[in-house]
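> Residue numbers (full-length UniProt numbering): 1 to 1233.
Glycine is no exception: its CB is placed at the ideal position from the N, C-alpha and C atoms.
On a predicted model such as this, the values are computed, not experimentally measured, just so you know.
Encoded as structure tokens, here's the structure I'll be asking about.
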Amino acid sequence: MSATLKIRLLLLLLTLSCAVTALTINLTFNKHELLEFEASTLEKRLHEKEKFVHDYLSDTSNINLLKLAHTSSPVALDIIKHFRDDKRIFVFTYHNNELTFWGGNRICPNSDAGLKVGSNRIKTQNGWYEAIKYQSGSFSVVMAIPIKAEFKFQNTYLKNVFDEDLISDNNLEIAGLDDKKTYNVKNINGEFIISVKLKSSITNTFYSTLELCMWLLTALFATLLINFLCISIAKKGHIKTAISVFFIYFLALRLLTLSFPYLDTEFNLSLFSARHFNDGFFLPSLGDFLINSIVVSWFLAFVYSYRKELEITEQPISKSAGGIIFSLLGLIIYFVASQLSDLFYALIIKSSINFDLTNILNLTAHSWISILILYISAFNLYLLLEIILSLGRKLPISNKLRLKIFINGVVVLVLIHLLVGEANAYIPLFCTILFIRGYSFYTQKSSYRLVIFLFCVLLFSIIASIKLSSFQFEKEREQRKVVAYKLESADDPNAVLLFMSLEQEISNDEMIKEYFQTQNASKGQLDDNLKKLYFDGYLSRYEFETYTFHPGEEYNSADSSQIRGYKDLVMAGSIKVSENFYRVNNTFGFQNYFAILPVTDNGDHVGTIILTLTSKTFKNPGTLPEVLVDSKMNTDKELNNYSFAFYLDGHLLNQNGSYTYNLVNDDFPGKINQFIFVEKNGYSHVIYQSNSKKLIVVSRPVTTLIMKLASVSFMFLVMIILTLFITVIYRLWVTFHDERFIIEQNGWSALLSRHKILYKTRIQASLVAAIVFTLLIVSIITYFSISSQFKKELESDVIHQANQVNLGLEKNKIFKNGKLLENEDILRTFSEVNATDLILFDVNGKLLFTTQYKIYDNGLIEPRMNAVAFLYLKGLQRSELLNSEKIGHLNYITAYRPLRNARNETIAYLGIPKFSFEHDYDMRIGQYLNTLINVYALVLIVIALFAIFLANQITFPLTLVSKSLSEISIDGKNEPIKWKSNDEIGSLIKEYNNMIRALEESAQKLARSERESAWREMAKQVAHEIKNPLTPLKLGVQLLEKSWREQDPNFSKKFERFSKSFIEQIESLALIASEFSNFAKLPDTPFSQINLVEVIRRSIEIYDSSEDLSITFNYSNPEAIVNGSRDHLLRIFNNLLKNALEAIPASVTGRIEVMLEVQGQNALISLSDNGKGIPEDLRDKIFNPNFTTKSSGTGLGLAFVKQAVENMLGTITFETGLETGTTFFIRVPLASV
């Protein structure tokens, strides 16, 4: 069994094995088994944590340490680090059921009175916990193990998932009492903790991942199997059949996977979701786009590997047909490039993927995959170009005609684009790439290959950046129109969503009922409570007012006009957005809502409350940490990227952003219901005028030249890296699959010589690598230095704010008898003036005040001071602390300061949280990294060009010596090299000059010796050849003389016979003299441009008259012009045809085949016969001047052929076999047209 067959059987076996495994997983493992697997994993890891807690609590020394926790801060800090930070377990100690120490504020029971000793299940506002209690007398310890987070709402930072220490997959949820298919999770003692079930939509499990891997391997092995089968078909000469089979396989595979989108429906992969990108049947997702690109790349790589053997047609092609075919090949390239452009237009316009290359760190995984697809598409275009260039080379047209067709095609394309109004730099740049590659390909010039490669990659990077920029510009314009429509609309969907939930809460609020049922109740207190409970968070961007009416006051109180006014608004057509909330019509530049809420108590009407909400200015919309934003709410983050203004009757009503708009609209003339784009003051503005009075302007900075260069440099860097990666992989694959290459014998250094990596290239690569490595080290050091500096600056700002607020509070009159007054208005004022959030804790760590009550009201954390901060400030008496804290997955910092009264007593602890710390840090470091990457990409381009220049300068002397060595001629004049510097190169050149002088002397001696030897050999040969006819002449004369003396009666007949013989011998002597004369004059014959086709035809006509001989002449090009002598060429083919004819036995029907092919810049002529062949012992002598196998002749025929071919700078070889015939191969260079 051959190795090829073994490989095919192995691939077939692997394909079937992976497919069967995937099907087995899919059919065998049901949801019940998945539930058992997932839940048992969770239970097992929970037991491990329980065992750790029990082991710790069983040690008396550990209990003693816990008893010291509330009195010894160092001990407490060690406990927090060991449990909270390392084990994700929260520790609390109690004395007489009163909390004395807390090890975290994610959960913090104020008392353990309700907990039994041992295991307990606790449900808080933020999740589920297992609490293990230990008690010794009045001292008790509770250790809480988080099981599952369960927040009231979710977002990027708050996820309702099981603790990552227990299980990483998100396929389980807490089961309800009515659920049937559940798993009861028990503690280590077998006691029930929670019941879990599988989610309705399982997205990621161990088995699904394994099944996916098996299907992918099935597709891979099946494709490899088909690939090997197609290779075997191609090796048999059926290349087009192999290509067709491979194409049909890929087409069938993609149609099957597109018709049944298994990857999306079964595995719910984000990459194959239509939410990100969808453009029809063949491109339903980004993942399918990637697969299509890889499939096309694999197919084109297969065709590329057989491009040299691939023929357009086996029939001869005329010159005019060749020109038409070449034009069609060019159109194919243009059509494919245009289609790729349209595909990426759809990818950018019809997707939600971020393509902003000026902000690299904000690129998502889908963005990088899209960039990879772009590169693969460019690679596919390169493969197609190489295939088409290879096909174009086989056409019977000259390079001059190819150039004319190309230039005419470019002119036509440019004119068409100008006529349709699509003039851009894309066509000239792309045609420049085609010209450079085509010129290099057809002229076979290999100099400056690296420069050409880098230049082509740079041009393609420019093209990609231009296209990307234009597509994004168009997409951004459409997005800006949407923003203008949103700004025109006075609706706030997020506020409406909140109204629906809070209107019932307000109507049923006991505090509000108590207000109406209490005489002389404080309305200010009511407003404060409403603001704290309902109009904080997102609704803090609204100014709100309240109007309250007891029963009967709606029509006879001082504010009765208010309620009548709002009822009139309802009647006038205010839009109802919820059960009790309405939006006021005819608002522009702001939102205005109101609600008329009846308040009832046990069905009795106790009062009416009217709420009015008017949006604040965009300059001061109110702050809301992202951790408090429900993912269901649309945050309108795109508004942050724009400046915008509202003009009413030509006067500025409201504005937002960095652009400064004029108070009177003099710059932005609009047209009703039309979008007008203008550029002014470095900004691009879209103007939308809905009617004669209202006008909206949405602006954003224009893309600067520097930003465009950054985009080009980034694309260039990415393409260079990916190209180098593919090149290295390809070279290693080819090398290690070559049986002749054995790494143990050759070593890694053989790779350089094997792949003909020039010394110049090594210098260039070494220079670039050295500088890139240096830049990389510098950039890493710079990055860590700058990132540390940025972090310190942000931390310093927070500490500074804490100091400022602390100083202001201590100087303000918020103390009474040394205690803090509960004046929230003053505290909120401090928060707003300093543009920061503010938290106050009492001396026991309990929450007193915060600007973000929602954090505590929603149970994200407990209303307790951070345990570490409390220990440092109270226990270790720190005057200042910057502490890292966490809510869900949000990491932030808080600056703490003790708040002191006039007696220098600590009365509270002030905290200034920086919830946006992580975001601000990422933004600042992101901007720096973007700049660093873009600058280094530009530097890399400059370095590469510099390395090429420097390497050329370094290797110039070597190139000069190499060129001079290649031009050394024994019989010609060798010029010495002039070099002024007395360095190593100078020594080398000096030795070279000495060598050519010695070579000239040796050449003269050798030439003299060869001439003497040649003349001696020639004299011997001439004497031998003349001696043969002279002998019969001498004998004939002697016989005639004898007959004459003896008066022979037959003398006249003998004289006539001998005369004829003498004439034949004399003609033989003349022929010998002529052949030696021609052989001697070979080098001096002048050359002209000759068409080989005509010469061969003339030679064939001489011999193609015999009935027993068939001569066929096949040629692919009607013209094959070479530099040579017509007479010599005729004699070459006459000699070869004559020898072939004489080599064919008389008993065999002669068959001579002549074939002419154009291969690159050479013409290849093969002449085959079906003669008896050349014996093996004679094959080395047939080109010798005095060698012949015939009874007559000089032996100069093939010697003349060889000498004549070599004078044309060609070569002649032959292949022969006994009784099978002989084939002569002549390869001569084509003349430059």
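Would you kindly work out how many angstroms separate the C-alpha atoms of glutamate 744 and valine 728, rounded to a whole number?
Stepping through the sequence shown from its first residue, residue 744 is reached at position 744. Stepping through the sequence shown from its first residue, residue 728 is reached at position 728. In this predicted model, glutamate 744 has a pLDDT of only 47, less than 50, meaning its place in the structure is not dependable; the value taken from the coordinates is given anyway. Near 20 Å, if we compare the C-alpha coordinates of valine 728 and glutamate 744.
> Compare the Cα-Cα distances from isoleucine 687 to each of Lys481, Ile763, Leu639 and report the closest residue.
As a first step, residue 687 is located in the sequence shown; it is residue number 687 there, counting from the start. Nearest option by C-alpha distance: Lys481.
> Note the first and the last residue of the continuous alpha helix (DSSP H) segment covering leucine 310.
For the purposes of this step, residue 310 is identified with residue 310 of the sequence shown, where counting begins at 1. No alpha helix (DSSP H) holds leucine 310; DSSP gives it neither H nor E.
> Less than 8 Å separating the Cβ of phenylalanine 228 from some heavy atom of the ligand ZN?
The ligand ZN is absent from the structure shown, which contains no ligands of any kind.
> Around the C-beta of arginine 583, are 16 or more other C-beta atoms found within 10 angstroms, so that it is buried, or is it exposed?
Working through the sequence shown from its first residue, we reach residue 583 at position 583. Arginine 583 is buried by the Cβ-count criterion.
> Can you tell me where the alpha helix (DSSP H) holding tyrosine 515 begins and where it ends?
As a working mapping, residue 515 is identified with position 515 in the sequence shown. First-last of the alpha helix (DSSP H) with tyrosine 515: 510-517.
> So for residue 1239, helix, strand or coil by DSSP?
Absent from the model: residue 1239. The displayed extent of the chain is 1 to 1233, so no value can be given.
> Given this structure, state the Cα-to-Cα distance separating lysine 632 from methionine 143, to the nearest angstrom.
Working through the sequence shown from its first residue, we reach residue 632 at position 632. Working through the sequence shown from its first residue, we reach residue 143 at position 143. If I take the Cα positions, the gap works out to 34 Å.
> From the DSSP output, which residues share a beta bridge with threonine 546?
Translated into positions along the sequence shown, residue 546 becomes position 546. According to DSSP, threonine 546 shares a beta bridge with Leu611.
> I'd like the span of the alpha helix (DSSP H) that includes glutamate 36, first residue to last.
As a position in the sequence shown, residue 36 is number 36, starting the count at 1. Taken as a continuous stretch (DSSP letters only), the alpha helix (DSSP H) holding glutamate 36 covers 31-57.
> Any chance you could list the alpha helix (DSSP H) runs of at least 4 consecutive residues sitting entirely within the stretch 1105-1162, in chain order?
1126-1143
> Give a yes or no on whether the C-beta atoms belonging to alanine 1163 and leucine 1092 are separated by under 9 Å.
Position 1163 of the sequence shown, counted from the first residue, corresponds to residue 1163. Position 1092 of the sequence shown, counted from the first residue, corresponds to residue 1092. Against a cut-off of 9 Å, the Cβ pair of leucine 1092 and alanine 1163 comes out as a contact.
> Apart from the five residues just before and just after phenylalanine 441, which ones in its own chain have a Cβ nearer than 6 Å to its Cβ?
One-based indexing of the sequence shown puts residue 441 at position 441. Around phenylalanine 441: Leu389.
> What residue from Leu166, Leu705, Lys394, Tyr896 has the CA that sits closest to arginine 878's CA?
As a position in the sequence shown, residue 878 is number 878, starting the count at 1. Of the listed residues, the one whose Cα sits closest to arginine 878 is Tyr896.
> Do you know offhand how far serine 61's Cα is from leucine 838's?
Start at 1 with the first residue of the sequence shown, and residue 61 comes out as number 61. Start at 1 with the first residue of the sequence shown, and residue 838 comes out as number 838. Taking the straight line from one Cα to the other gives about 40 Å.
> In chain order, what residues of the same chain lie with their CB nearer than 7 Å to the CB of proline 621, ignoring the 5 residues before and after it?
Translated into the one-based positions of the sequence shown, residue 621 becomes position 621. In this predicted model, proline 621 has a pLDDT of only 48, less than 50, meaning its place in the structure is not dependable; the value taken from the coordinates is given anyway. Same-chain partners within the cutoff: Arg541.
> Just the C-alpha distance for histidine 605 and threonine 124, rounded to the nearest angstrom, thanks.
For the purposes of this step, residue 605 is taken as the residue at position 605 of the sequence shown. For the purposes of this step, residue 124 is taken as the residue at position 124 of the sequence shown. Distance between the alpha carbons of histidine 605 and threonine 124: 35 Å.
> Okay, do the stretch 154-172 and the stretch 107-115 touch, 3+ Cβ pairs below 8 Å being the bar?
no
> For isoleucine 452, name the three-state secondary structure that DSSP assigns.
For this step, residue 452 is matched to residue 452 along the sequence shown. Note: isoleucine 452 maps to helix in three-state DSSP.
> When DSSP builds the beta bridges, which residues end up paired with asparagine 654?
Taking the sequence shown and counting its residues from 1, the one referred to as residue 654 is at position 654. Looking at the DSSP assignment, asparagine 654 forms a beta bridge with Phe646.
> Between the C-alpha atoms of arginine 1097 and proline 1145, what's the straight-line distance to the nearest angstrom?
As a working note, residue 1097 is residue 1097 in the sequence shown. As a working note, residue 1145 is residue 1145 in the sequence shown. Those two C-alpha atoms are separated by around 24 Å.
> Pull up the distance between the alpha-carbon of glutamate 975 and that of valine 961, whole angstroms please.
Your numbering for residue 975 matches position 975 in the sequence shown. Your numbering for residue 961 matches position 961 in the sequence shown. Cα to Cα, glutamate 975 sits roughly 11 Å from valine 961.
> Going straight from the alpha carbon of serine 522 to that of arginine 275, what length do you get?
Locating residue 522 in the sequence shown gives position 522, where the first residue counts as 1. Locating residue 275 in the sequence shown gives position 275, where the first residue counts as 1. Here the alpha carbon of serine 522 sits roughly 52 Å from the alpha carbon of arginine 275.
> Could you pull out every residue in the same chain whose Cβ sits closer than 7 Å to the Cβ of asparagine 184, ignoring the five residues on either side in sequence?
Counting from 1 along the sequence shown, the entry for residue 184 is found at position 184. Cβ within range, chain order: Phe192, Ser195.
> I need the boundaries of the beta strand (DSSP E) containing aspartate 601, first residue and last residue.
The residue you call residue 601 lines up with position 601 of the sequence shown. That run of the beta strand (DSSP E) goes 592-601.
> Tell me which same chain residues have a C-beta within less than 8 Å of the C-beta of valine 161, skipping the five on either side of it?
If you number the sequence shown from 1, residue 161 lands on position 161. Closer than 8 Å at Cβ, skipping near neighbours: Lys148, Ala149, Asn170.
> Decide if the stretch 1109-1119 is in contact with the stretch 312-323; the criterion is three or more beta carbon pairs, one per stretch, under 8 Å apart.
The stretch 1109-1119 is in contact with the stretch 312-323.
> Tell me which same chain residues have a C-beta within less than 7 Å of the C-beta of serine 1192, skipping the five on either side of it?
Taking the sequence shown and counting its residues from 1, the one referred to as residue 1192 is at position 1192. Confidence is the limiting factor: at serine 1192 the pLDDT is only 48, short of 50, which leaves the residue's position unreliable and the question unanswerable from this model.
> State the Cα-Cα distance for the pair aspartate 527 and lysine 616, rounded to the nearest angstrom.
Counting from 1 along the sequence shown, the entry for residue 527 is found at position 527. Counting from 1 along the sequence shown, the entry for residue 616 is found at position 616. Near 18 Å, if we compare the C-alpha coordinates of lysine 616 and aspartate 527.
> Taking serine 1110 as the reference, give the member of Thr1149, Ile371, Thr93 with the closest Cα.
Counted from its first residue, the sequence shown places residue 1110 at position 1110. Here the closest residue by C-alpha is Thr1149.
> For glutamate 1215, I'd like the list of residues in its chain whose CB is within less than 6 Å of its CB, leaving aside the five on either flank, ordered along the chain.
Sequence index remark: in the sequence shown, residue 1215 carries index 1215 (1-based). Cβ neighbours of glutamate 1215 beyond the five flanking positions: Thr1223.
> So, is asparagine 424 buried or exposed, given that buried needs 16 or more other C-beta atoms within 10 angstroms?
One-based indexing of the sequence shown puts residue 424 at position 424. By the neighbour-count rule (16 or more Cβ atoms within 10 Å), asparagine 424 is not buried but exposed.
> Cα separation between phenylalanine 221 and phenylalanine 250?
Translated into the one-based positions of the sequence shown, residue 221 becomes position 221. Translated into the one-based positions of the sequence shown, residue 250 becomes position 250. Going from the Cα of phenylalanine 221 to the Cα of phenylalanine 250 covers about 13 Å.
> In terms of alpha-carbon separation, which member of Leu695, Asn1123, Glu1056 lies closest to aspartate 667?
Residue numbering aside, residue 667 sits at position 667 when the sequence shown is read from its first letter. Of Leu695, Asn1123, Glu1056, the residue nearest in Cα terms is Leu695.
> So the candidates are Ile466, Thr432, Gln472, Leu468; which of them puts its Cα closest to the Cα of phenylalanine 453?
In the sequence shown, residue 453 corresponds to position 453, counting from 1. When only C-alpha atoms are compared, the closest one is Thr432.
> If contacts are defined as beta-carbon pairs under 8 Å, then asparagine 806 and leucine 709 qualify, I think. What distance do you get, rounded to the angstrom?
Against the sequence shown, residue 806 aligns to sequence position 806. Against the sequence shown, residue 709 aligns to sequence position 709. Between leucine 709 and asparagine 806 the Cβ distance is about 47 Å, and since that is not below 8 Å, they are no contact.
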